[in-house]
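Engineer: The following block contains the structure, expressed as structure tokens.
Number of protein chains: 2
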Amino acid sequence: MTEVKSWTTRRDAKRERLAHAGSLLDGKFAQTEDVVALLEHLIKPGDKVVLEGDNQKQASFLSQALVRVDQARVHDLHMIMSSVSRPEHLDLFEKGIAKKLDFSFAGPQSTRISQMISDHKLEVGDIHTYLELFARLFIDLIPNVVLVAADKVDRDGNLYTGFNTEETPTIVEAAAFKDGIVIVQANEIVDKVPRVDIPADWVDVVIPADEPYQLEALFTRDPQNITELQILMGMMAIRGIYEKHNVQSVNHGIGFNTAAIELLLPTYGEKLGLKGKIVPNWELNPTPTLIPAIESGWVKSIHSFGGEVGMEKYIAARPDVFFVGPDGTMRSNRALGQVAGQYAVDMFIGSTLQIDQFGNSSTVTSGRLSGFGGAPNMGSNPTGRRHSTPAWQSLRPAGDPLGKGQKLVVQMVETFGANKKPVFVDHLDAEEVQKEAGLANVPVMIYSEDTTHIVTEEGIAYLYKTDSMAERKAAIEAIAGVTPMGLRSNAQQLADLRARGIVALPEDLGVKRGQAKRSLLAAQSLQDIVEWSKGLYNPPAKFRSWS
Amino acid sequence: MTEVKSWTTRRDAKRERLAHAGSLLDGKFAQTEDVVALLEHLIKPGDKVVLEGDNQKQASFLSQALVRVDQARVHDLHMIMSSVSRPEHLDLFEKGIAKKLDFSFAGPQSTRISQMISDHKLEVGDIHTYLELFARLFIDLIPNVVLVAADKVDRDGNLYTGFNTEETPTIVEAAAFKDGIVIVQANEIVDKVPRVDIPADWVDVVIPADEPYQLEALFTRDPQNITELQILMGMMAIRGIYEKHNVQSVNHGIGFNTAAIELLLPTYGEKLGLKGKIVPNWELNPTPTLIPAIESGWVKSIHSFGGEVGMEKYIAARPDVFFVGPDGTMRSNRALGQVAGQYAVDMFIGSTLQIDQFGNSSTVTSGRLSGFGGAPNMGSNPTGRRHSTPAWQSLRPAGDPLGKGQKLVVQMVETFGANKKPVFVDHLDAEEVQKEAGLANVPVMIYSEDTTHIVTEEGIAYLYKTDSMAERKAAIEAIAGVTPMGLRSNAQQLADLRARGIVALPEDLGVKRGQAKRSLLAAQSLQDIVEWSKGLYNPPAKFRSWS
Numbered sequence: 001m002t003e004v005k006s007w008t009t010r011r012d013a014k015r016e017r018l019a020h021a022g023s024l025l026d027g028k029f030a031q032t033e034d035v036v037a038l039l040e041h042l043i044k045p046g047d048k049v050v051l052e053g054d055n056q057k058q059a060s061f062l063s064q065a066l067v068r069v070d071q072a073r074v075h076d077l078h079m080i081m082s083s084v085s086r087p088e089h090l091d092l093f094e095k096g097i098a099k100k101l102d103f104s105f106a107g108p109q110s111t112r113i114s115q116m117i118s119d120h121k122l123e124v125g126d127i128h129t130y131l132e133l134f135a136r137l138f139i140d141l142i143p144n145v146v147l148v149a150a151d152k153v154d155r156d157g158n159l160y161t162g163f164n165t166e167e168t169p170t171i172v173e174a175a176a177f178k179d180g181i182v183i184v185q186a187n188e189i190v191d192k193v194p195r196v197d198i199p200a201d202w203v204d205v206v207i208p209a210d211e212p213y214q215l216e217a218l219f220t221r222d223p224q225n226i227t228e229l230q231i232l233m234g235m236m237a238i239r240g241i242y243e244k245h246n247v248q249s250v251n252h253g254i255g256f257n258t259a260a261i262e263l264l265l266p267t268y269g270e271k272l273g274l275k276g277k278i279v280p281n282w283e284l285n286p287t288p289t290l291i292p293a294i295e296s297g298w299v300k301s302i303h304s305f306g307g308e309v310g311m312e313k314y315i316a317a318r319p320d321v322f323f324v325g326p327d328g329t330m331r332s333n334r335a336l337g338q339v340a341g342q343y344a345v346d347m348f349i350g351s352t353l354q355i356d357q358f359g360n361s362s363t364v365t366s367g368r369l370s371g372f373g374g375a376p377n378m379g380s381n382p383t384g385r386r387h388s389t390p391a392w393q394s395l396r397p398a399g400d401p402l403g404k405g406q407k408l409v410v411q412m413v414e415t416f417g418a419n420k421k422p423v424f425v426d427h428l429d430a431e432e433v434q435k436e437a438g439l440a441n442v443p444v445m446i447y448s449e450d451t452t453h454i455v456t457e458e459g460i461a462y463l464y465k466t467d468s469m470a471e472r473k474a475a476i477e478a479i480a481g482v483t484p485m486g487l488r489s490n491a492q493q494l495a496d497l498r499a500r501g502i503v504a505l506p507e508d509l510g511v512k513r514g515q516a517k518r519s520l521l522a523a524q525s526l527q528d529i530v531e532w533s534k535g536l537y538n539p540p541a542k543f544r545s546w547s
Numbered sequence: 001m002t003e004v005k006s007w008t009t010r011r012d013a014k015r016e017r018l019a020h021a022g023s024l025l026d027g028k029f030a031q032t033e034d035v036v037a038l039l040e041h042l043i044k045p046g047d048k049v050v051l052e053g054d055n056q057k058q059a060s061f062l063s064q065a066l067v068r069v070d071q072a073r074v075h076d077l078h079m080i081m082s083s084v085s086r087p088e089h090l091d092l093f094e095k096g097i098a099k100k101l102d103f104s105f106a107g108p109q110s111t112r113i114s115q116m117i118s119d120h121k122l123e124v125g126d127i128h129t130y131l132e133l134f135a136r137l138f139i140d141l142i143p144n145v146v147l148v149a150a151d152k153v154d155r156d157g158n159l160y161t162g163f164n165t166e167e168t169p170t171i172v173e174a175a176a177f178k179d180g181i182v183i184v185q186a187n188e189i190v191d192k193v194p195r196v197d198i199p200a201d202w203v204d205v206v207i208p209a210d211e212p213y214q215l216e217a218l219f220t221r222d223p224q225n226i227t228e229l230q231i232l233m234g235m236m237a238i239r240g241i242y243e244k245h246n247v248q249s250v251n252h253g254i255g256f257n258t259a260a261i262e263l264l265l266p267t268y269g270e271k272l273g274l275k276g277k278i279v280p281n282w283e284l285n286p287t288p289t290l291i292p293a294i295e296s297g298w299v300k301s302i303h304s305f306g307g308e309v310g311m312e313k314y315i316a317a318r319p320d321v322f323f324v325g326p327d328g329t330m331r332s333n334r335a336l337g338q339v340a341g342q343y344a345v346d347m348f349i350g351s352t353l354q355i356d357q358f359g360n361s362s363t364v365t366s367g368r369l370s371g372f373g374g375a376p377n378m379g380s381n382p383t384g385r386r387h388s389t390p391a392w393q394s395l396r397p398a399g400d401p402l403g404k405g406q407k408l409v410v411q412m413v414e415t416f417g418a419n420k421k422p423v424f425v426d427h428l429d430a431e432e433v434q435k436e437a438g439l440a441n442v443p444v445m446i447y448s449e450d451t452t453h454i455v456t457e458e459g460i461a462y463l464y465k466t467d468s469m470a471e472r473k474a475a476i477e478a479i480a481g482v483t484p485m486g487l488r489s490n491a492q493q494l495a496d497l498r499a500r501g502i503v504a505l506p507e508d509l510g511v512k513r514g515q516a517k518r519s520l521l522a523a524q525s526l527q528d529i530v531e532w533s534k535g536l537y538n539p540p541a542k543f544r545s546w547s
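Chains A and B, in that order, are what the protein sequence lines are.
So the first sequence is numbered by full-length UniProt numbering: it starts at 1 and just counts up by one.
So the second sequence is numbered by full-length UniProt numbering: it starts at 1 and just counts up by one.
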């Protein structure tokens, strides 16, 4: 007797689970109050479960329900989450509902996650960039269940995610076409969605949430907190990098350093005659500090990973700049945005918490396992790139007939961090964290080999011009100020590095320190930005210091 | 008087064009016979136009129409095409309808495109990998018009692309959310599509095609053409790479070399006891030569860039393995597949036409500018990768505390090509082509720095173990056979390289040359594969040599 192999085990399991939950379902729709029972019927021990935690938008109704399931019925889950953001994301592990975690970013939970790993309460699969985590959903982390959030859902189950599309279509696709179960929490059930972001055919279960999904304004930086040191660094970056390399397309990391640059373009950049010459094309969350540059005509296009609270009306009124649908609302897309940030932009510029003597950097510090989100992806040189742009080509090494260009990867830091500790350190804390957490490799965010420039308040190190590790170290020391590492530099070394164009001080770039004043910013407060936006930008309450 | 700036120029232009074409449209639908007039109304001189040419599926009705427009009305287009496959794709440039081209692959048109560039009949923007071309659609190549192909379209304009989804959703998204015009040729208009692959909200114009879109079976390799040398190389690769490095996930390039490996897994691999131990997870077009391995239980999952003619029924019956929708048909996705092939697999293994003395390789040869498709993307080491797997980690250099793993990138070639010319050359023809075509860089497909292994009928060079360029050259010479490059190697050099594990000959791997017989293949013909598939695989007529 030959045993007949089944090729439909996933499909059969899905059908069985949905049948089991049948009494809780009216077509695809479930009742809000049945959410815990529903998850108990649809999720089995050991399942790979993708729980949508973008860094902004959270499937918070579903995560709060998942932590309430009966641990005797649902346990040992393998959670896959791009962002571990909410307390219950880790409560799942405390309660034994989940066992293993693959993730990308753990900003708000970075201390607790670090402790839980030390205490063996949580088994880490690995830390990823967003893009590689999404990629694995189609290869070796194929989900059994995905839990996602939508703004509006119509009676057929078509999803509208609007503005905050983020990663939802990508994670839904991985489940919908591999007999995974797609469960959606909806802010609202409507007769007709403004547009379809994800077709109903891809969706199994819709459940109205008790309250709208959590959404954080993570990319808003209030200009009133930008310091004159940051302005000085911004001026240097504009002259010594944007202008020098003819940068046309860029991704800015989150932070006050890059916010300063955004607010200097319409003032300082304009005086330099750079308008129309640099950075027309952006991959970026819609950060309010870019509004003055947009209004001044600096920006031709912005594609976004996600939305930003308060920017809805402004974006809707600027469809020439943003990706806006026929319905008048932006569509974001985290997977495609990360691909664009990796492969299609001239430059990534961001910040970090520590840089070591070789130029490796990390935001992982003692007791904090934050992950990196998209930074390693965008802050690396994709060696598969085959198209050329002037900025990329400007980093081509001389003398190699088979040479090619390189992406500009810029780290911009003050020599001492907010905690008064040196950013420049001989060894990254990440080296200790590797041991404590038992990681396969040191959690480096951006490697030295990918880092082409470092900007501090002292000057710019053009690392791509160095031709040995010793020279690279000297260049970093030269701009490391009065940190212990910086004190190793001496006048002769500095003079030599300046003469060879490996290090530039403000005066080498024609940047006057005395001009680095807050008055040089195109906006000095969020209220100024509201004015620039002609009242279209609507800051969240926590950022409103005025009536 | 202040001039009021418009922020809706793209939206207004789109509205105006669609209004202009209004007499040809009934809602979103146009008549087949009006296609040329329709394109003349909707496309303007200088537009960026994405014309869907996947390497398999072609928007052939629309491309044939575009070449018939009045050049006085539509001219100087900037064409963006992942694949230049059909004669009219280049006729557009001969006629002056188009002027500039950004592309990825030009297999069937590679000779003509090379000549046209020399004759200045065509201005090349650049040659890209698929993924970077898609990425630029969101940054600096935002389309005004996209022309795509769908299988079925319902009365609302929802698209079903089925099996051959490929790049359609990605290129449609770039236009639909930036006020570009999305024009779709449909094989069939139906009341209800089997599933929605692209929502109607994203689509502007649908036109029934006069005949179904062109579709080529590009990934089918008939086992009867696999040689014993290829079988020998396949055996070496299985022992010396797949087994040695514990490879779990892989992308195979197209060709008889990798087809041989696929057909050796259920025979040779089984004898070695490797079943269940290696390559459960694949990113791959659904190639028929993998059927015996699937049927033998080697393969847990396959995600695909596109479909393959004849594989429809087989895939539909194997949803545990392939990505199949609730409707029972596969969904492919070229953009996500390329991301997975870049970031989520242990190994890329493919072939090439030339390898230089340093290990750089290219398929661009004199007079042929073929482009590279996805090979440079998948055949490169993504330095942004942060997760670890045993295979990746096995290439980690010793002694560097901040070290990390590397993707396996394997080139597998016979020392002499089909044209009897050496594959191993001191200098790539691509160096000449760069000059002739005025390209910014030499069109290298895979750089030496990314290449970790080369397999020939002589042996395997473990390039990742070399620690100088001189040693790398010696390792390549040692496996380059009787090519002029290979003749530079000598017995002592070879003995030294073998002793240090940098080169392995068949005997070093326990591979017996005498076993490399066609009878070792799990299938020796496509007919055998049909049998393996239990009659579910249906080879295209051109591959049917029987009944």
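Glycine is no exception: its CB is placed at the ideal position from the N, C-alpha and C atoms.
Keep in mind it's a predicted model, so treat the numbers as computed, not measured.
How would you list, in chain order, the residues of chain A whose beta-carbon sits under 7 Å from the beta-carbon of Tyr-343 (chain B)?
Structural biologist: Locating residue 343 (chain B) in the second sequence gives position 343, counting from the first residue. Ordered by position in chain A, the residues that pass the 7 Å Cβ test against Tyr-343 (chain B) are Leu-131, Glu-132 and Ala-135.
Engineer: Taking Cβ-Cβ distances shorter than 9 Å, what residues in chain B pair up with Val-321 (chain A)?
Structural biologist: As a working note, residue 321 (chain A) is residue 321 in the first sequence. Under the 9 Å cutoff, chain B gives Trp-7.
Engineer: Kindly list, in the order they appear in chain B, the residues whose Cβ is closer than 8 Å to that of His-303 (chain A).
Structural biologist: By 1-based counting over the first sequence, the position of residue 303 (chain A) is 303. Going along chain B in sequence order, the residues near His-303 (chain A) (Cβ under 8 Å) are Phe-138 and Ile-139.
Engineer: Name, please, each residue of chain A whose Cβ falls closer than 8 Å to the Cβ of Phe-103 (chain B).
Structural biologist: Stepping through the second sequence from its first residue, residue 103 (chain B) is reached at position 103. Result: empty, since nearest Cβ-Cβ is about 10 Å, beyond 8 Å.
Engineer: Along the stretch 168-182 of chain A, what residues have a CB closer than 8 Å to any CB found in chain B?
Structural biologist: Correct list: Thr-170, Glu-173, Ala-176, Phe-177, Lys-178 and Asp-179.
Engineer: Assess, as a yes-or-no matter, whether the stretch 133-141 of chain A is touched by the stretch 151-160 of chain A under the definition of 3 or more beta carbon pairs within less than 8 Å.
Structural biologist: No, because fewer than three Cβ pairs between the stretch 151-160 of chain A and the stretch 133-141 of chain A fall closer than 8 Å, the two stretches do not touch.
Engineer: Does the Cβ-Cβ distance between Asn-246 (chain A) and Lys-277 (chain A) come in under 9 Å?
Structural biologist: Locating residue 246 (chain A) in the first sequence gives position 246, counting from the first residue. Locating residue 277 (chain A) in the first sequence gives position 277, counting from the first residue. Yes, they are a contact pair.
Engineer: Counting Cβ pairs closer than 8 Å, one from the stretch 57-72 of chain A and one from the stretch 140-151 of chain A, do we hit at least three?
Structural biologist: With a cut-off of 8 Å, the stretch 140-151 of chain A and the stretch 57-72 of chain A count as touching, because enough Cβ pairs lie within range.
Engineer: Take Gln-338 (chain A) as the anchor and find which of B:Arg-385, B:Glu-312 and B:Met-330 has the nearest alpha-carbon.
Structural biologist: Your numbering for residue 338 (chain A) matches position 338 in the first sequence. If we check each option's Cα against that of Gln-338 (chain A), B:Arg-385 comes out closest.
Engineer: Nearest to Arg-86 (chain B) by CA position, among B:His-75, B:Leu-77 and B:Ala-65, is which residue?
Structural biologist: Taking the first residue of the second sequence as position 1, residue 86 (chain B) is located at position 86. Comparing Cα positions, the closest option is B:Ala-65.
Engineer: In the DSSP assignment, what residue or residues form a beta bridge with Trp-282 (chain B)?
Structural biologist: Taking the first residue of the second sequence as position 1, residue 282 (chain B) is located at position 282. In DSSP, Trp-282 (chain B) forms a bridge with B:Val-250 and B:Ile-302.
Engineer: Apart from the five residues just before and just after Met-81 (chain B), which ones in its own chain have a Cβ nearer than 6 Å to its Cβ?
Structural biologist: Position 81 of the second sequence, counting from 1, holds the residue named residue 81 (chain B). These residues qualify, in order along the chain: Leu-51, Gly-53 and Phe-103.
Engineer: Going by DSSP, name the residue or residues bridged to Gln-214 (chain A).
Structural biologist: Counted from its first residue, the first sequence places residue 214 (chain A) at position 214. Paired residue(s): A:Gln-58.
Engineer: At 3 residues or longer, and completely inside the stretch 315-373 of chain A: list those beta strand (DSSP E) runs for me, N to C.
Structural biologist: As far as the stretch 315-373 of chain A is concerned, its whole beta strand (DSSP E) runs of at least 3 residues are 347-350 and 354-356.
Engineer: On a CA-only basis, which of A:Met-79, A:Ala-470, A:Glu-283 and A:Ile-502 is nearest Ile-349 (chain A)? Give me that one, please.
Structural biologist: As a first step, residue 349 (chain A) is located in the first sequence; it is residue number 349 there, counting from the start. Out of A:Met-79, A:Ala-470, A:Glu-283 and A:Ile-502, A:Glu-283 has the C-alpha closest to the C-alpha of Ile-349 (chain A).
Engineer: Should Leu-505 (chain A) and Arg-239 (chain A) be called a contact, given that it needs their Cβ atoms to be closer than 9 Å?
Structural biologist: In the first sequence, the residue the question calls residue 505 (chain A) occupies position 505. In the first sequence, the residue the question calls residue 239 (chain A) occupies position 239. No, the pair does not count as a contact, with Cβ atoms beyond the cut-off.
Engineer: Residues of chain A with CB under 9 Å from His-387 (chain B), in chain order?
Structural biologist: On the second sequence, residue 387 (chain B) is found 387 positions in, with the first residue counted as 1. Asp-102, Gly-125, Asp-126, Ile-127, His-128, Thr-129, Glu-132, Leu-133, Arg-136 and Ala-440, listed in chain order.
Engineer: Could you tell me the distance, in whole angstroms, from the CA atom of Ile-529 (chain B) to the CA atom of Thr-289 (chain B)?
Structural biologist: For the purposes of this step, residue 529 (chain B) is taken as residue 529 along the second sequence, with counting starting at 1. For the purposes of this step, residue 289 (chain B) is taken as residue 289 along the second sequence, with counting starting at 1. Near 7 Å, if we compare the C-alpha coordinates of Thr-289 (chain B) and Ile-529 (chain B).
Engineer: What would DSSP say about Pro-143 (chain A), mapped onto helix, strand or coil?
Structural biologist: As a position in the first sequence, residue 143 (chain A) is number 143, starting the count at 1. In the structure shown, Pro-143 (chain A) sits in coil (DSSP, three-state: anything other than H, G, I, E or B).
Engineer: Give me the Cβ distance between Leu-264 (chain A) and Ile-231 (chain A), rounded to the nearest whole Å; I'm assuming they're in contact under 8 Å.
Structural biologist: Numbered from 1 along the first sequence, position 264 holds the residue referred to as residue 264 (chain A). Numbered from 1 along the first sequence, position 231 holds the residue referred to as residue 231 (chain A). Confirmed, Cβ separation roughly 7 Å.
Engineer: By Cβ distance, which residues of its chain are closer than 6 Å to Pro-539 (chain A), with the 5 residues on each side in sequence left out?
Structural biologist: Within the first sequence, the letter at position 539 stands for residue 539 (chain A). Here the set comprises Gly-310 and Leu-526.
Engineer: Buried or exposed: Lys-14 (chain B), going by 16 or more other Cβ atoms within 10 Å of its Cβ?
Structural biologist: Position 14 of the second sequence holds residue 14 (chain B). Buried is the call here.
Engineer: Quick check on the DSSP output: what are the complete alpha helix (DSSP H) runs of length 4 or more inside the stretch 386-439 of chain A, in order along the chain?
Structural biologist: Listed in chain order, they are 390-393 and 430-437.
Engineer: I need the straight-line Cα distance from Leu-18 (chain A) to Gly-234 (chain B), nearest angstrom please.
Structural biologist: Counting from 1 along the first sequence, the entry for residue 18 (chain A) is found at position 18. Counting from 1 along the second sequence, the entry for residue 234 (chain B) is found at position 234. The straight-line gap from Cα to Cα measures roughly 44 Å.
Engineer: Nearest to Asp-320 (chain B) by alpha carbon, out of B:Pro-280, B:Val-206 and B:Ser-351?
Structural biologist: One-based indexing of the second sequence puts residue 320 (chain B) at position 320. Of the candidates B:Pro-280, B:Val-206 and B:Ser-351, the one whose C-alpha sits nearest the C-alpha of Asp-320 (chain B) is B:Pro-280.
Engineer: For the beta strand (DSSP E) containing Asn-187 (chain B), name the first residue and the last one.
Structural biologist: For the purposes of this step, residue 187 (chain B) is taken as the residue at position 187 of the second sequence. Run containing Asn-187 (chain B): 181-190, per the beta strand (DSSP E) assignment.
Engineer: Note down, in chain order, all residues in the stretch 374-406 of chain B with a beta-carbon under 7 Å from any beta-carbon belonging to chain A.
Structural biologist: For the stretch 374-406 of chain B, which is checked against every Cβ of chain A, the residues closer than 7 Å are Pro-376, Asn-377, Ser-380, Asn-381, Pro-382, Thr-383, Gly-384, Arg-385, Arg-386, His-387, Ser-388, Gln-393, Pro-401, Leu-402 and Lys-404.
Engineer: Just to make sure I have the definition right: I need the residues of chain D whose C-beta is within less than 7 Å of the C-beta of Tyr-447 (chain B). Which are they?
Structural biologist: No chain D is present in this structure, whose protein chains are A and B.
Engineer: Could you tell me the distance, in whole angstroms, from the CA atom of Ala-541 (chain A) to the CA atom of Ala-217 (chain A)?
Structural biologist: On the first sequence, residue 541 (chain A) is found 541 positions in, with the first residue counted as 1. On the first sequence, residue 217 (chain A) is found 217 positions in, with the first residue counted as 1. Taking the straight line from one Cα to the other gives about 11 Å.
Engineer: Count the other CB atoms, across all protein chains shown, that sit within 10 Å of the CB of Ser-366 (chain B); report buried if there are 16 or more and exposed otherwise.
Structural biologist: Translated into the one-based positions of the second sequence, residue 366 (chain B) becomes position 366. With fewer than 16 other Cβ atoms within 10 Å, it is exposed.
Engineer: I want to know whether the stretch 167-177 of chain A touches the stretch 407-425 of chain B - three or more CB-CB distances under 8 Å.
Structural biologist: No, because fewer than three Cβ pairs between the stretch 167-177 of chain A and the stretch 407-425 of chain B fall closer than 8 Å, the two stretches do not touch.
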